[in-house]
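A.B. asks: Please read through the structure below; I'll follow up with questions.
Below, the structure written as structure tokens:
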């Protein structure tokens, strides 16, 4: 490892570095704590690589500009926090139905509403899945360290491009503002995925024709000579609106199947000490760091504790969690909200083990001691 | 067969359009393609963007790169397109509600940036698609389905609004004055920065009927009788202008365009 | 089918019968019949094109070839 590739870096800064490495060439954003460093970093770095930055008038305009830029062929991103995420939701649904690749970063802070602007939270877990209206596919990724933010930002772009959809990169104030050592990989070592361009000429091109696997259509760019139509209305393979229930079902099912048929490719998780565990900690983001410390402390005291850390938060790693639930006596789900992800764990565990939460939504992190107390049954 | 203009620029399999009998929007849409035709623009580089509402169905009929976005957000999507690829000629087709109510913030900031986008507002003084609710351009005192006792809101002058916000070209014409409308759209496209053309359309179905203004012929006669060309207006005494509205080129003051200014920043790194 | 007369072409299937072209024709060439525009007095047409300019439905236009003659 070349020394110059070793840096002390903030999480939000690593997100920008990862995005540029992934090929991001457009960023539109609006200042909001605790994500603002991502906009600042993008405004500095993008013109240096021939990319474009614009500070929009509001959060809605930011996601709209990102979708517009992506339609011209540029890899595009915006970053925000809870209040801004709430405002962006309609256009995230637009990107889902119109199948426009883009990355939306949500550095979570305390909510609801303006809430606790400078304090961490993990209260937007269900919003990431169900925020925009209507049935739609979701990919949400949630790293838990600075170096992982770099890597997962690249993966967020790769998945957005590969599956032609918005990908939500969840972070929290802790990992966004935390500084850690990071070893930046050589660019040549990175796997970068670009969207599939049309394999046919303009006369044959159908912008929403599923590929041979029934999934992702090839994507032309505005200005390439394809002259296609894009709408947020339900549309057929030609891209033009349709009221047909048959067309609607075909479209919505195909959008969902892009995810369902590719879970092996999309799901990322890490497990540690799950082999002999009778107590499983299931945690993500900054809370997973506390959970790991709690696990290590419990192991030192002879307790059989394991950790499962989903990095792909949505789609939910259902099969894996079900397997684990059948092996352990209990699952503890610490999260900085009053119980969101635990609902999925309970659903999937289906009573095969006990599922308990460690929760707080007061702007303070969940400490290893909080989790250790739960493991030991001390309340 | 249709006229060579329509055959050349419209998606023939999508016509006839969904607009009501006598709706002025078809006149405005034709004016846009006529302007494009007369300017001999490369259609592969033209991108038409709309929001939501009656106006915003237009791009679906027009054979260019077309984007039908969310309500009020056309200018924000267009900002991303133009900034990402300044080679594209970006034309936004929007309505009075889409552009100045839900999209008002995007309008003033798109104007302020002076990015090279031409906006044509299909201004029919009403929300047509949802059935006739009053909009920011429904005249005070007139009725809408949500103003059953008469609208007490004041009216936006969209051209003045855009000019105050920084637009470098504004003009207004009506569907009666279609020849002027074509010329203004052409000049708006030729302006490198942000241009806005307030295209006064007619909605006989909701605005006309609700306000007993008659059919589109009668509303167009009213437009003819009450529009005063800005050139003529300067020679008229104030009392002759009472109750009238101005048409023509209202503002034309070229200023540095956003994407060209940004390009200078990018180039400063390429030189280094 | 398009109906042709002296360069003026009507596309009746697209005509929605609004009457704008009839009302504003300076030579009274047009009239409404069964809620569609028809040519009443084709000889009077001076080819000004105002009907085409103001037809919201692209249902009436001047055929270019004949106009050029």
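Residue numbers (my numbering), protein chains in the order written: chain A, 1 to 379; chain B, 1001 to 1272; chain C, 2001 to 2069. The beta carbon of each residue, even a glycine, is placed where N, CA and C say it ideally should be.
Which full runs of the alpha helix (DSSP H) of 4+ residues lie inside the region 1124-1148 of chain B, going along the chain?
C.D. replies: Complete alpha helix (DSSP H) runs here, min 4: none at all.
A.B. asks: Specify, as a first and last residue, the run of the alpha helix (DSSP H) that residue 208 of chain A falls within.
C.D. replies: Translated into the one-based positions of the first chain, residue 208 of chain A becomes position 208. Premise fails: residue 208 of chain A is in no alpha helix (DSSP H) and is neither H nor E.
A.B. asks: Restricting to runs no shorter than 3 residues, where is the beta strand (DSSP E) found entirely within the region 216-241 of chain A?
C.D. replies: 229-231, all fully within the region 216-241 of chain A.
A.B. asks: Check whether the region 1069-1079 of chain B and the region 1012-1019 of chain B touch, using three or more Cβ-Cβ pairs below 8 Å as the test.
C.D. replies: No, because fewer than three Cβ pairs between the region 1069-1079 of chain B and the region 1012-1019 of chain B fall closer than 8 Å, the two stretches do not touch.
A.B. asks: Using DSSP with H/G/I as helix, E/B as strand and the rest coil, what is residue 172 of chain A?
C.D. replies: Position 172 of the first chain, counting from 1, holds the residue named residue 172 of chain A. Correct three-state label for residue 172 of chain A: strand.
A.B. asks: Do residue 1053 of chain B and the ligand GTP come close, with the Cβ less than 8 Å from some heavy atom?
C.D. replies: In the structure on display, the ligand GTP does not appear, and there are no ligands present to speak of.
A.B. asks: What residues of chain C sit near residue 1024 of chain B, judged by a beta carbon separation below 8 Å?
C.D. replies: Taking the second chain and counting its residues from 1, the one referred to as residue 1024 of chain B is at position 24. Within 8 Å Cβ-Cβ: 2056.
A.B. asks: Taking Cβ positions, are residue 144 of chain A and residue 289 of chain A nearer each other than 9 Å?
C.D. replies: Walking along the first chain from the start, residue 144 of chain A turns up at place 144. Walking along the first chain from the start, residue 289 of chain A turns up at place 289. Yes; because the gap between Cβ atoms is below 9 Å, this pair is in contact.
A.B. asks: Decide if residue 197 of chain A is buried, meaning its Cβ has at least 16 other Cβ atoms within 10 Å, or exposed.
C.D. replies: Here residue 197 of chain A refers to the residue found at position 197 of the first chain. When all chains shown are included, residue 197 of chain A counts as exposed.
A.B. asks: What are the boundary residues of the beta strand (DSSP E) that includes residue 179 of chain A?
C.D. replies: The residue labelled residue 179 of chain A in the question sits at position 179 within the first chain. First-last of the beta strand (DSSP E) with residue 179 of chain A: 179-183.
A.B. asks: Using a Cβ-Cβ cut-off of 6 Å (strictly less than) and excluding sequence neighbours within five positions of residue 381 of chain A, which residues of its own chain qualify?
C.D. replies: Only positions 1 to 379 of chain A appear in this structure, which leaves residue 381 of chain A out of reach.
A.B. asks: State the DSSP-derived secondary structure class of residue 1065 of chain B, mapped to helix, strand or coil.
C.D. replies: Within the second chain, the letter at position 65 stands for residue 1065 of chain B. In the structure shown, residue 1065 of chain B sits in a strand (DSSP, three-state: E or B).
A.B. asks: Just grab the DSSP bridge partners of residue 1156 of chain B for me.
C.D. replies: Numbered from 1 along the second chain, position 156 holds the residue referred to as residue 1156 of chain B. According to DSSP, which records beta bridges pairwise, residue 1156 of chain B is partnered with nothing at all.
A.B. asks: What is the DSSP secondary structure of residue 347 of chain A, reduced to helix, strand or coil?
C.D. replies: For the purposes of this step, residue 347 of chain A is taken as the residue at position 347 of the first chain. Correct three-state label for residue 347 of chain A: helix.
A.B. asks: In angstroms, rounded to a whole number, what distance separates the CA positions of residue 1211 of chain B and residue 46 of chain A?
C.D. replies: For the purposes of this step, residue 1211 of chain B is taken as the residue at position 211 of the second chain. For the purposes of this step, residue 46 of chain A is taken as the residue at position 46 of the first chain. Approximately 53 Å, taken between the alpha carbons.
A.B. asks: Assuming residue 1155 of chain B contacts residue 1130 of chain B (C-beta within less than 8 Å), just tell me the rounded distance between them.
C.D. replies: Here the question's residue 1155 of chain B lines up with position 155 in the second chain. Here the question's residue 1130 of chain B lines up with position 130 in the second chain. Actually they are not in contact, since the Cβ atoms of residue 1155 of chain B and residue 1130 of chain B sit about 19 Å apart, beyond 8 Å.
A.B. asks: Please classify residue 2032 of chain C: does DSSP put it in a helix, a strand, or coil?
C.D. replies: Position 32 of the third chain, counted from the start, is the residue given in the question as residue 2032 of chain C. Correct three-state label for residue 2032 of chain C: strand.
A.B. asks: How close, in whole Å, do the beta carbons of residue 1218 of chain B and residue 1165 of chain B come, if the pair is a contact with beta carbons under 8 Å?
C.D. replies: For the purposes of this step, residue 1218 of chain B is taken as residue 218 along the second chain, with counting starting at 1. For the purposes of this step, residue 1165 of chain B is taken as residue 165 along the second chain, with counting starting at 1. Residue 1218 of chain B to residue 1165 of chain B, Cβ: 34 Å. No contact.
A.B. asks: Mind checking who residue 24 of chain A pairs with in its DSSP beta bridge?
C.D. replies: Indexing the first chain from 1 puts residue 24 of chain A at position 24. DSSP output for residue 24 of chain A lists A/75 as bridge partner(s).
A.B. asks: Cα-Cα, which of B/1117, B/1182, B/1097, B/1077 is closest to residue 1087 of chain B?
C.D. replies: Residue numbering aside, residue 1087 of chain B sits at position 87 when the second chain is read from its first letter. Comparing Cα-Cα distances from residue 1087 of chain B to each of B/1117, B/1182, B/1097, B/1077, the minimum goes to B/1117.
A.B. asks: So for residue 2041 of chain C, helix, strand or coil by DSSP?
C.D. replies: Stepping through the third chain from its first residue, residue 2041 of chain C is reached at position 41. It is coil, neither helix nor strand.
A.B. asks: Identify the continuous alpha helix (DSSP H) that holds residue 1249 of chain B and give its terminal residues.
C.D. replies: Within the second chain, residue 1249 of chain B is the residue found at index 249, counting from 1. Where residue 1249 of chain B is concerned, there is no enclosing alpha helix (DSSP H), although the beta strand (DSSP E) it sits in stretches over 1245-1252.
A.B. asks: Counting only C-beta atoms, is residue 2064 of chain C closer than 9 Å to chain B at any point?
C.D. replies: Position 64 of the third chain, counted from the start, is the residue given in the question as residue 2064 of chain C. Interface residue, yes.
A.B. asks: Beta carbon of residue 193 of chain A, beta carbon of residue 161 of chain A: below 9 Å?
C.D. replies: Taking the first residue of the first chain as position 1, residue 193 of chain A is located at position 193. Taking the first residue of the first chain as position 1, residue 161 of chain A is located at position 161. The answer is yes: Cβ separation under 9 Å.
A.B. asks: Starting from residue 1027 of chain B, find everything on chain C with Cβ-Cβ shorter than 7 Å and list it in chain order.
C.D. replies: Translated into the one-based positions of the second chain, residue 1027 of chain B becomes position 27. Correct list: 2054, 2056.
A.B. asks: Measure the alpha-carbon distance for residue 2066 of chain C versus residue 1028 of chain B and round it to whole angstroms.
C.D. replies: Within the third chain, numbered from 1, the residue matching residue 2066 of chain C stands at position 66. Within the second chain, numbered from 1, the residue matching residue 1028 of chain B stands at position 28. Note that residue 2066 of chain C scores 45 on pLDDT, short of 50, meaning its location in the model is unreliable; the coordinates nonetheless yield the value given after this. Cα to Cα, residue 2066 of chain C sits roughly 26 Å from residue 1028 of chain B.
A.B. asks: Would the region 235-245 of chain A count as touching the region 105-116 of chain A if we require 3 or more Cβ pairs under 8 Å?
C.D. replies: The region 235-245 of chain A vs the region 105-116 of chain A: no contact.
A.B. asks: Which residues mark the beginning and the end of the beta strand (DSSP E) in which residue 1169 of chain B is found?
C.D. replies: Reading the second chain from its first residue, position 169 is the one you call residue 1169 of chain B. Taken as a continuous stretch (DSSP letters only), the beta strand (DSSP E) holding residue 1169 of chain B covers 1169-1174.
A.B. asks: Return the chain-ordered list of same chain residues with a C-beta closer than 6 Å to the C-beta of residue 1128 of chain B, the five sequence neighbours on each side being excluded.
C.D. replies: Counted from its first residue, the second chain places residue 1128 of chain B at position 128. Only 1054, 1203, 1206 meet the Cβ criterion.
A.B. asks: Pick out whichever of A/282, A/159, A/150, A/133 has its Cα sitting closest to the Cα of residue 140 of chain A.
C.D. replies: For the purposes of this step, residue 140 of chain A is taken as residue 140 along the first chain, with counting starting at 1. The candidate whose alpha carbon is nearest that of residue 140 of chain A is A/159.
A.B. asks: Return the residue from the list A/176, A/88, A/98, A/347 that minimises the CA-CA distance to residue 209 of chain A.
C.D. replies: Translated into the one-based positions of the first chain, residue 209 of chain A becomes position 209. Comparing Cα-Cα distances from residue 209 of chain A to each of A/176, A/88, A/98, A/347, the minimum goes to A/98.
A.B. asks: Going by beta carbon distance, what residues of the same chain come within less than 6 Å of residue 132 of chain A, once the five residues before and after it are set aside?
C.D. replies: Taking the first chain and counting its residues from 1, the one referred to as residue 132 of chain A is at position 132. Around residue 132 of chain A: 89, 92, 93.
A.B. asks: To which residues does DSSP link residue 52 of chain A through a beta bridge?
C.D. replies: Working through the first chain from its first residue, we reach residue 52 of chain A at position 52. Residue 52 of chain A pairs with A/26.
A.B. asks: Counting only Cβ-Cβ distances shorter than 7 Å, please list the residues of the region 1223-1239 of chain B near chain A, keeping chain order.
C.D. replies: Answer in chain order: no residues at all.
A.B. asks: Are the C-beta atoms of residue 159 of chain A and some chain B residue less than 9 Å apart?
C.D. replies: Here residue 159 of chain A corresponds to residue number 159 of the first chain, with the count starting at 1. So, not an interface residue.
A.B. asks: Can you tell me which of the three DSSP states residue 2001 of chain C falls into?
C.D. replies: Walking along the third chain from the start, residue 2001 of chain C turns up at place 1. With a pLDDT of 48 at residue 2001 of chain C, under the threshold of 50, the modelled position of that residue is not reliable, and the figure given next carries that caveat. Coil.
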